[in-house]
Structure formats: structure tokens, C-alpha cells
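Notes follow once the structure below has been shown.
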Amino acid sequence: MTSVFDRIPGQQRVREILERAVESPGDSYLFVGPRGVGKSEAARAFAAAILCPDSCGECSLCSRTIRGIHPDVQIFQPEGYVYPLELIRELVVSARLTPLEAEKRVIVIEEADRIVERSQNALLKALEEPTGAVTWILVADALDPFLPTVLSRCQIVEFVPVNEEAVAALVASRFKLEDEVSKQTVRASRGDLEKALALAEGGDAARVRSLAIDAAIAMGEEPAAALDFSTRLQEVVASARDSLADRQKAELEQMEEMIGSGRGSAATKKRVGDRHKRMLRRTETDLYLDFVTYLGTALRDLAFVSSGGDPESVVCIDHAQPIVAAAMNRPTQHWLELIDECLACHLSIIENANAPLAVESVLLALSKSPVATIG
Amino acid sequence: MHIEGEKEALLEVGQSVLRAVSPRATLPVLGGVKIEAGRDNVKFVATDLEMFLTVQGDFAVKEQGAVVVPGRLFGDILRNLPSGKVSIRGADGEVRIEAGRSEFAVTGFPVADFPSMPEVKESQRCQIAGAELARALRQVVRAASPDEGRPVLTGVLWSVEGSTLRLVATDSYRLAVRELVIKEGAESGTAIIPGRALAEFGRHLAGIGEDEVSVWLGDSQAVFSAGSTTLVTRLIDGEFPDYRKLIPESHTKHLKVATEPFAQAVERVGLVARENTPVKIHLGEEVQLTATEAGVADAWEALEEVEFEGDPMVIAFNPRFLSDGLEGLESQTAVMEVTDPARPAVLKGVEREEFIYLLMPVRLPG
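As you go down the protein sequences, you meet chains A and B in turn.
If you read the first sequence in this note's numbering, its first letter stands for residue -4, the second for the next number, and so on.
If you read the second sequence in this note's numbering, its first letter stands for residue 37, the second for the next number, and so on.
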């Protein structure tokens, strides 16, 4: 018999915890773990298992839950950088409603670490007075953005990076890749299923990655080269933004057909429009963050090889040769300092610095470093 | 699926069910209307995720089955079709609507994606006279809070005791209580029903006249059924305030006044009262209404056909809330019972005990 939990690859322990919890689910859960390890998928699977008597993963109920169109399973994603307080307030109120179709309700908040402190306090009201009919699932990358009062109300379920076999199996189920390419993709994803799929698909994610690795390898060249990488990155980001904007335009047109011009339609269009704008900003920021992460990973490989590590074990396995060649240009200490620059840049983007500028300045800082002389 | 019917009849059913479709539907399939052709009836279903609304229509079924069409577009098409026979047929994927020489091919949503109606056990069923319930809903629902700060207050308490049904709503400024007699199948129990769903059902009832209404209360849903219309709504989980404690047991002042002229005077004097400005009632030998909006206007009016017993006093109310109460009385003569300017006033019809409206006064400075 199939199980909806088959949809959670490589998280055996999580699967066991959730399977046991299905019979009498708690009031609130916090799924925590690194990005792209299947937390959202697990939240949907768990929701389906709570609602479906067989946890089958195949019936209309499971299928609608997983696709987010079941009236008793609400799945929220932040549309901008944080969740607006009004949305959290609405959510707390709507949690007092009984189910419409099933016997229980599930509310999933993805990227719940983007609920700022004030909104967490609003949410706390719902977590502190559970109705028994609603199960909350908060999904987050880390625990530290949460108030202790929120954490103490949730059962915490920890996710681990997915092992390479499970990532490889998932990639193989969606894409037909040559063995070598598949191995490189799996390694580059570092246990992040979403990233593995995006990289396997090629496109903007893959372009951002190879740009970052090339930039790391070219470190020490003229400032002009750094600026050139920055320009090329901005072009990739712009093209990703444009294709998203096209998709949004199509969605809006379909929406307009559906909602017509009657009561409330202007407000709906504004909501959709606002959501689209926030999503565009998010997409851009995320690509810059990815670039900095890949840059850091490549620098880590360079430091690793320069300190005598086995070239077979580098993360950027598809760029092993140029990495080995470039690694000796600088002492290990120097590569490590560059990694610090990347971490600082990553943090400043998360803290809302201007992303293109932050990336450009880290590229310039790296290019300024003097080429090391051996000996 | 294939059905046929007259345009006017289809439009009527289509429009009434479309009112349930939320203009805020964020997922396309939830903005759809499901058309279910059974052996000998056709059901139209729509949902706004808080409730389902089903309207049955008497149309010829050529082939059984179901489709889900985009709601707004379907409504627009029906409205604009020429009079005469309309045929709707199709399956998941494509639905064809034909009338005279016009023909539409509409992309439908997968039927399996449309939410399904819950089954609510029949045991908790009761029957109520439709017209009376429609009136009661008009009187009570407006006192429910539109503000979502306190979820239970956005609902109406539906409380059954023996053969009496009590509907209660309050937004914490006023409280409306209405009693009805259950015709059949009473079983004690309470539920808090979202005000919006009841308002919607009330509108349907008003449209269809004297029909009998059947109500089922389940643990998670309530079902209202009248004639061809069925509404299934979520309930609000929580404790409704103990309204009995709020109703004063005694009073020291008693005003009896012709309802209609009083209501009109409140409207007129209320013109001057903007947001947060109250209308004052000067109770005494003569009863006067006044309102003052500093620097803008003053208004005053003496009431006719009044009887007042008690010591003179000035008490002030939000004119809109006062009008709401007077409108709900359905009695030629209104009674207002008060004790002091800071305690709630009770409004009711003379010799009518089934509806009372409690109104908090606005505190006057000084």
C-alpha cells in the first residue's frame, strides 16, 4: 500500500515521528532544518495524513491537500520578506472556524522564521489557546528567530540534509541526466532537494552557480574583471525577473477572467499585484544570496585544496580541475578570509542591504587581495 | 454531463449560487461553480471556503455527470445569452455552453479538485417557519461584529432549549436577542454560526417566501435548507459571552414612543452626528433629540406621541446603532427602558417579548 509519507525522501527519523503522531496529532509543530530538505513537502504530507483515514497519498483528499487546494488545509508563504502582521491576525481569527469538509484543519506556515517578533506575539494567541480542531505546522530554517514562548508551544521536528542517494533518486525521477552530470548536481546541492532540482533543470539557477565558481577561481584579477562578473550576474537576475514577470502577467490575465469586474474585484487585483511585486523582489534577492553561497562554497573548495585536501572530495566537483589549478595561488589563510567576506555579505543581504551593491563590493574586495607568492 | 434549460431559469439559479463565490478566492478552482447533473435534478454548488451554497434547479438531464466552470465567467455568459433554450455539456477540461447561434467553449476545472460537501448527521434536525426565521435573521445578524478582533463576536449564537430557539448577536456595543418557536424536532444544543453565512441565507429566505426551513447542527458544520437552497457553513469555535448577565433585571425610567416617527427623528437628527458624535435623548415631560457637531451644525427635534415615566435624564447613543434597533422592532410602539446614562438601555416592542435589543449609551463628558 502506498503512503503519503513516501513523499518525504531521506528523512527516516522525521517520517517515523510523523507516522506515530498521525493518530492523535498535537496542536502545533515546528519543522526545522536547512533549506530544501523537504520540510514543506513533509508538512503537506503530514496534513494529508491527518485528514485522510488511510494516509494513502492518492485519493482526492490527499491530492488536494498536497496541491494546497483543500479548504481545510491552508498553506501560507510569505509574499515579501516578512509576513504582514494583518495576515497573522487574520489567521489567528480564522483558526477559530471549524472545518468545512474534513474533521480537522491544518494550517501550514512556510518560512515561519519570516514572522517578526510582533507578529509572533499575535500568533501566540492562537498557539496558546488551541481549539483541538486545528493543527499548526510552522516550517523554518532555524530556531533562533523564534520567541521562547512560541518555541515552548511547538513540538519541534528536526530535519537533516538529505543524503546523496536520496537526492540522486529524486533528481533521477524528474530528469534524465548523464551519470556524471547527475553526480555533480547532487554534490552541488549539498542535501538541498530544491536546489538539486533547480540545478538539474539548468536555467538561471545553474547559470548563477557557474558564474559564482568562475568568479572565485578568477580571484585576484583586475577590478574590471570583478565588475564584469557583477554585470553578468545582474543580467542573469534580470532575465529571471523578466520570465517571472511574464508568468505573473499570464496569471493575472487568467485571474481577471475569473473574477470579472464585480464586487471586490479591484481589491483582489491589488492584492495579487502587491503579491507579485513582493515575489519579484524575493526572487532577485534569493538569486543574489545563492550567488554568494556558491561563491563561498567555491572558496571553501579552494581553501580545502590549498591546505592539502583530496581534489576528489571538493564540492564543486564539475570544476575540480580549475580549482586545483587556482588553489595554490594563495595561502589557505587567505582563502579563509575571503570566505568570511562572503559570510558578511550574505548576512548584510539578509538584513536588507542593497543586494547588487553588496555583491559587487564583495567581488571588488576579493579582487583587491594581492596574489600570494609561493614560499 | 449534459443539461438543458431555459436561459432565465438557469440565470436565476446561477446568480443566486454565485453570490457565495468569494471575490477573494485565491485559488482558481475555488472560484468555480460545480454543476452536478443527477438522475432527475441538477445542483449548482459554490463555496467561499467558509460555506457551501447549493441551489437545485429543475432542468432536463440529457446525460448525468458533473463539471466545474469558472464562476464569474459563467455568470457573465449566462447573463448575456439570448433568451430561449440553453445547453450545457462537457466534462473535465472543456464545457460547451450553447444558446441559439452563440456557442462558448469554456475551460473547466477538474471536478475532483472541487471541495466536497460534508455529511452532517440528520439526528439534530429541527424545522422552523421560513418567513419568521428570515425576519429574525434581519433583526439579529446586524448586531454581530464586523471586526475580527474577537472571533466569536463575528458570529451569531444559535441556542436551542426545548422548543425555543434563541438567536443572539453582539458586537459589545449592542446586543440583539430573538426567540423563535421550533416547529418540529427540537433538541437542545448551541453553536456559533458565522454572521456572514446567516446573512446570506437570510437573503435567500427573503427571496423565496414562506418555505419551511430545516436546520441541522453538527459538531463542525451547520446545514440550512429551504426549498431548493442548501447552505453548509463552518462554525466558530469558542465561548459566546454570557449575554443573560448583560440584560438589566430592572429599570427606573420607561419611555413609550411611536416607533416610526422616533426612527425618522433619529435619522434626521443623526445627520448632524458624524462618526463618534452621539444623538442625545433628553427624557422628561417633553422628550427631545439633539445632536451637536461643534463648528458644523446643531439639530434638535421634539418627539410626538410619547409617554415617559421617571425622573428627567439625558442619555446619548450612537445614532446608527439606535436606528438598527428601532428598525428591528417590528412593532408600532417602541419601549425603551433605562436606569442611568452609563448603563445599557433596553429596546423592545410594546407587549412583544420575542425580540430585545440592548444598547450601550455613549458616555457624555462631565
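For glycine and all other residues, C-beta sits at the position ideal for the given N, C-alpha and C.
- The continuous alpha helix (DSSP H) containing Ala201/A extends over residues 198 to 212.
- Taking 8 Å as the cut-off, the Cβ atoms of Ser123/B and Val91/B do not count as close.
- By the criterion of a C-beta distance shorter than 8 Å, Arg186/B is surrounded in its chain by Ser208, once the five residues flanking it on both sides are discounted.
- At a cut-off of 8 Å between beta-carbon atoms, Ser55/A makes contact with chain B.
- Looking at the DSSP output, Gln257/B sits in a beta bridge with Arg270/B.
- When beta bridges are read from the DSSP output, Lys289/B appears opposite Val374/B.
- With fewer than 16 other beta carbons inside 10 angstroms of its own, Gln7/A counts as exposed.
- DSSP places Ser343/A in the helix class (H, G or I) of the three-state scheme.
- Nearest CB-CB separation between Gln249/A and chain B: below the 8 Å threshold.
- Your pair Gly238/B and Ala294/B does not check out as a contact, with CB atoms roughly 27 Å apart and the cut at 8 Å.
- When the Cα atoms are used, Ser23/A and Leu294/A turn out to be separated by approximately 40 Å.
- Residue Arg108/B holds the alpha-carbon nearest to the alpha-carbon of Ala82/B among Asp94/B, Glu99/B, Glu285/B, Arg108/B.
- Identification of chain A residues near Thr206/B by a Cβ-Cβ cut-off of 7 Å yields none; the smallest Cβ-Cβ distance measures about 16 Å.
- For the 8 Å CB-CB criterion, Leu133/A and Leu25/A form a contact.
- Counting only the Cα atoms, Leu358/A lies some 10 Å from Val287/A.
- When the alpha-carbon of Ile104/A is set against those of Glu74/A, Thr93/A, Ala128/A, Glu96/A, the nearest one is in Glu74/A.
- Counting the other CB atoms within 10 Å of its CB gives Pro151/B a total of 16 or more, which places it among the buried residues.
- For a Cβ distance threshold of 7 Å, nothing in chain A lies close to Arg171/B: the least Cβ distance comes to about 26 Å.
- Residue burial is scored here from C-beta neighbours: Ile344/A has at least 16 other C-beta atoms within 10 angstroms and is therefore classed as buried.
- Counting other Cβ atoms within 10 Å of its Cβ, Pro182/B stays below 16 and is therefore classed as exposed.
- Your pair Glu96/A and Asp49/A does not check out as a contact, with CB atoms roughly 17 Å apart and the cut at 8 Å.
- If you check each beta-carbon in the segment 259 to 279 of chain B against every beta-carbon of chain A, the ones closer than 9 Å belong to Val268, Thr269, Arg270, Leu271, Ile272, Asp273, Gly274.
- Interface annotation, Glu86/B: in contact with chain A, CB-CB separation under 8 Å.
- Contact annotation: Gly254/B and Val192/B have beta-carbon atoms that are not nearer than 8 Å.
- In the displayed model, Gly291/A falls within a helix according to three-state DSSP.
- In terms of beta-carbon proximity, Ala161/A stays away from the interface with chain B, with every pair separated by 8 Å or more.
- At least 8 Å separates the CB of Leu89/B from every CB of chain A.
- The alpha-carbon of Glu217/A is positioned some 40 Å away from that of Pro140/A.
- Pairing Arg91/A with Phe80/B, the inter-Cα distance amounts to about 28 Å.
- Excluding its 5 nearest sequence neighbours in each direction, Pro94/A has C-beta neighbours in its own chain below 6 Å: Asp67, Arg100, listed in chain order.
- Annotation: Ser52/B has no Cβ neighbours in chain A at a cutoff of 8 Å; minimum Cβ distance is about 15 Å.
- With a threshold of 16 other beta carbon atoms within 10 Å, Gln328/A falls short and is exposed.
- Under the criterion of beta carbons closer than 8 Å, Leu146/A and Pro4/A do not qualify as touching, at roughly 27 Å.
- Note on geometry: alpha-carbon atoms of Ala381/B and His318/B lie some 14 Å from one another.
- Within the same chain, Cβ atoms closer than 8 Å to the Cβ of Lys289/B are found at Leu319, Phe344, Glu345, Gly346, Asp347, Met349, Glu373, Val374, Thr375, the five residues on either side in sequence being excluded.
- In this chain, the beta strand (DSSP E) harbouring Arg210/B covers 210 to 217.
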